[in-house]
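> First residue of the sequence shown: 153, per this note's numbering; consecutive thereafter. The structure under discussion is supplied below as structure tokens; questions concerning it will follow.
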Amino acid sequence: MRTKTFVLFLICVVATSVFLIVFGNQRPSIQSIVSETHKQLTNLKNFKENLENAEEKRLVADEKYLTLLGFTEHARLYPSAVWKNTSLPIVVTYVSDGQEQQAVGFARNVAHFLPNHTAIIYNLGLGQYGLQMFSLFFQLLTHCNSSRCVVVNFDFSAFPSHVEEERLHAFRPLLIQDALNKAGAVLFMECDYRLLTGRIEPLLQTALKGGGVLGWATKRATSSLTHPKMFDYFHTTAESFLFLPMVETNRLLLYNTEGVHEELMLPWVQCALTPDCVHPIGAQSGGCRFDKKPQYRYSGCHRYDGSALNIVLGLRFGLDETQYTYQGHEQFFRRVGPDVAAAEMVGLENNTTEATSSNRDIT
């Protein structure tokens, strides 16, 4: 009897030990499963919300992105919160790999015509060679020193992945907003544009007397270069924009007034951060059919961030482009092709070599 009792006791001890060992080792696995399930449920919830936003065409950008760009409760606005150590506006551009020559030419041009204005050049991915060449010429030629020219590395990793796609240019409103938030006023130019004069006061006065923004209109209607589905995100129709001229995004003058901040930059940035808004399904930038009659019909070409900007401008100013476009005839800019930029670079290299040789001879 005692033997049988002992055997039963031993069996219970062994069984209990095995149970504890087996289930004790599985506890972390169970916790992992619970954690992973919670994560998947959260992802499913986010996916559902994103799907609902896309279906209902809502401009909803993550608060962390908006905060990073200066959309906060106490925003920095013109004229109370601006850079004091420079003339305004600051001049802004961006440079990608392969555009080093254009960027150097841009910096020299701004330094020549607007020596008291700061230039910010956003680096969107210069290769190592490009960075070395960029830095070398700025050091030798002093066209981009610490006080009047700043190179800023744009952190794509801080934003949704589609922002990095070059064809969408979703990064353009983001870097413009970043510069506006910093300085208070921005003259944005693509790096292949050059100033023809330093007398930009007429532009500044026009922008300040108007709504704080100034652009240059084209002969194309906004409706002809905007995918029809984009209008849904702004709760408007393509028909409202049949006769509104498209404004170019390669040159823009903006002051960070309350109206520009809340009614222009915020919806523009929100669309840029919303993949289905900036890039509706079926949208493409090539294959334009401008032979369609009437010409305000959708051409089959979409201008991505540029299309969004023009919708926002139209809504902000009651579809009256005269309130935000330059109406004069004076030319302030010219566009420089890659051949001209390369020739400028060769000239700079020769001048630098000659200057170095002269210094050695004197020494």
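Positions of the beta carbon are idealized from the N, C-alpha and C atoms, including for glycine. Quantities reported herein were computed from a predicted structural model and do not represent experimental measurements.
Between which two residues does the alpha helix (DSSP H) containing residue 423 stretch?
418-425 is the span of the alpha helix (DSSP H), which, as asked, contains residue 423.
> By the 10 Å Cβ neighbour count, where 16 or more other Cβ atoms means buried, how is residue 327 classified, buried or exposed?
By the neighbour-count rule (16 or more Cβ atoms within 10 Å), residue 327 is buried.
> Thinking C-beta only, is residue 359 closer than 8 Å to residue 375?
Not a contact, by the Cβ cut-off of 8 Å.
> In whole angstroms, give me the CA-to-CA distance for residue 353 and residue 240.
Rounded to whole angstroms, residue 353 to residue 240 spans 11 Å at the Cα level.
> Less than 8 Å between the C-beta atoms of residue 338 and residue 347, yes or no?
Taking 8 Å as the Cβ cut-off, residue 338 and residue 347 do not qualify as a contacting pair.
> Rounding to the nearest angstrom, what Cα-Cα distance links residue 351 and residue 209 in this structure?
Answer to the nearest angstrom: the Cα atoms are 43 Å apart.
> If you compare alpha carbons, which of 271, 264, 275, 278 is closest to residue 300?
Closest option to residue 300, Cα to Cα, is 271.
> At the level of alpha carbons, what is the spacing between residue 432 and residue 466?
Each residue's Cα considered, the two are about 20 Å apart.
> Please report how far the alpha carbon of residue 197 lies from the alpha carbon of residue 259, in whole angstroms.
For residue 197, the pLDDT reaches just 45, beneath the cut-off of 50, and the residue's location in the model is therefore unreliable, leaving the point undetermined.
> The beta strand (DSSP E) that contains residue 269, what's its start and end?
Note, residue 269: beta strand (DSSP E), 269-275.
> Which one of 323, 303, 319 has the shortest CA to CA distance from residue 309?
Ranking 323, 303, 319 by Cα distance to residue 309 puts 323 first.
> Does the beta-carbon distance from residue 470 to residue 411 come in below 8 Å?
Not in contact: residue 470 and residue 411 (Cβ atoms no closer than 8 Å).
> I'd like the list of long-range same chain contacts for residue 274, defined as Cβ closer than 6 Å, with 5 residues on each side in sequence excluded.
Contacts found: 246, 304, 306, 327.
> Buried or exposed for residue 494, please, with buried defined as at least 16 other CB atoms from any protein chain shown within 10 angstroms of its CB.
Result: exposed.
> Taking only three categories from DSSP, how would you classify residue 510?
Note that residue 510 scores 43 on pLDDT, short of 50, meaning its location in the model is unreliable; the coordinates nonetheless yield the value given after this. Note: residue 510 maps to helix in three-state DSSP.
> Which two residues bound the contiguous beta strand (DSSP E) that contains residue 464?
Unbroken run through residue 464 is the alpha helix (DSSP H), 457-468; no beta strand (DSSP E).
> Assuming residue 421 and residue 213 make a contact with CB atoms under 8 Å, what is their CB distance in whole Å?
Rounded, the Cβ-Cβ distance is 7 Å, consistent with contact.
> Any beta carbon from chain D within less than 8 Å of residue 230's own beta carbon?
Protein chains in the displayed structure number just one, and chain D is not present.
> One question on the structure: do residue 372 and residue 485 come within less than 8 Å of each other, judged by their Cβ atoms?
Not in contact: residue 372 and residue 485 (Cβ atoms no closer than 8 Å).
> Go ahead and pull the three-state DSSP assignment for residue 444.
Residue state, collapsed to three classes: coil.
> Which same chain residues end up closer than 6 Å to residue 381 when comparing Cβ atoms and leaving out the 5 residues on each side of it in sequence?
If we look at residue 381 and ignore the five residues flanking it on each side, its Cβ neighbours are 432.
> Assuming residue 394 and residue 448 make a contact with CB atoms under 8 Å, what is their CB distance in whole Å?
With a Cβ gap of about 4 Å, residue 394 and residue 448 count as contacting.
> Leaving out the 5 sequence neighbours to the left and right, which residues in its chain are closer than 8 Å to residue 262 when beta-carbon positions are compared?
Around residue 262: 243, 269, 271, 301, 347.
> Mind checking which residues open and close the alpha helix (DSSP H) that includes residue 327?
Note, residue 327: alpha helix (DSSP H), 323-335.
> Which word fits residue 256, buried or exposed, when buried means at least 16 other C-beta atoms lie within 10 angstroms of its C-beta?
Residue 256 should be labelled buried.
> Return the residue from the list 218, 254, 215, 477 that minimises the CA-CA distance to residue 496.
Comparing Cα-Cα distances from residue 496 to each of 218, 254, 215, 477, the minimum goes to 254.
> Measure how close the beta-carbons of residue 473 and residue 416 come, nearest whole angstrom, since I'm counting them as under 8 Å.
Wrong, their Cβ atoms sit about 14 Å apart, outside the cutoff.
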